[in-house]
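Residue numbers (my numbering): 5 to 127.
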């Protein structure tokens, strides 16, 4: 009986360790839309810091941030718990990620070119 309980406990522990063994994936970075060569957005690349983007193309017209579902996962230590989106009138949106349990370090996650962007958060 005692060895049976030990075996069940050992199997349960191995199952828990195997479930925790997956490595966190970095969010996929992407560009949405065809950015013309003369556009300020053509200078922006995924992975750039927010400071680099502001130095290259200036301050946004408006911005907002939102939590991702990962914010509510216990013991999630990745950097995709929150996203910040900056809106540029007549250009589009730049989405940053990089907030987690260890702090905030915003980097470009997605570039959305949209010349009809009004630049204001109307959500």
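Backbone N, C-alpha and C define an ideal beta-carbon position, used for all residues, glycine too.
| Query | Result |
| --- | --- |
| Between the C-alpha atoms of residue 54 and residue 121, what's the straight-line distance to the nearest angstrom? | 20 Å |
| Between the Cα of residue 92 and those of 15, 8, 7 and 45, spot the shortest distance and give me the residue it belongs to. | 45 |
| So is residue 85 buried or exposed if we call it buried at 16+ other beta carbons inside 10 Å? | buried |
| Under 8 Å Cβ to Cβ from residue 38, same chain only, skipping five residues before and after it: list those, please. | 117 |
| According to DSSP, is residue 73 helix, strand or coil? | helix |
| Could you tell me which residues DSSP puts in a beta bridge with residue 67? | 90 |
| Going by beta carbon distance, what residues of the same chain come within less than 8 Å of residue 100, once the five residues before and after it are set aside? | 54, 87, 88, 89, 90, 110, 111, 112 and 113 |
| Closest to residue 97 by C-alpha separation, out of 67, 73 and 12, would be which residue? | 67 |
| By DSSP, does residue 114 sit in helix, in strand, or in coil? | strand |
| Could you give the first and the last residue of the continuous alpha helix (DSSP H) run that contains residue 35? | Unbroken run through residue 35 is the beta strand (DSSP E), 34-36; no alpha helix (DSSP H). |
| Report the rounded CA-to-CA distance for residue 71 versus residue 12, giving the unit in angstroms. | 39 Å |
| For residue 59, report the span of its alpha helix (DSSP H) as first-last. | 54-61 |
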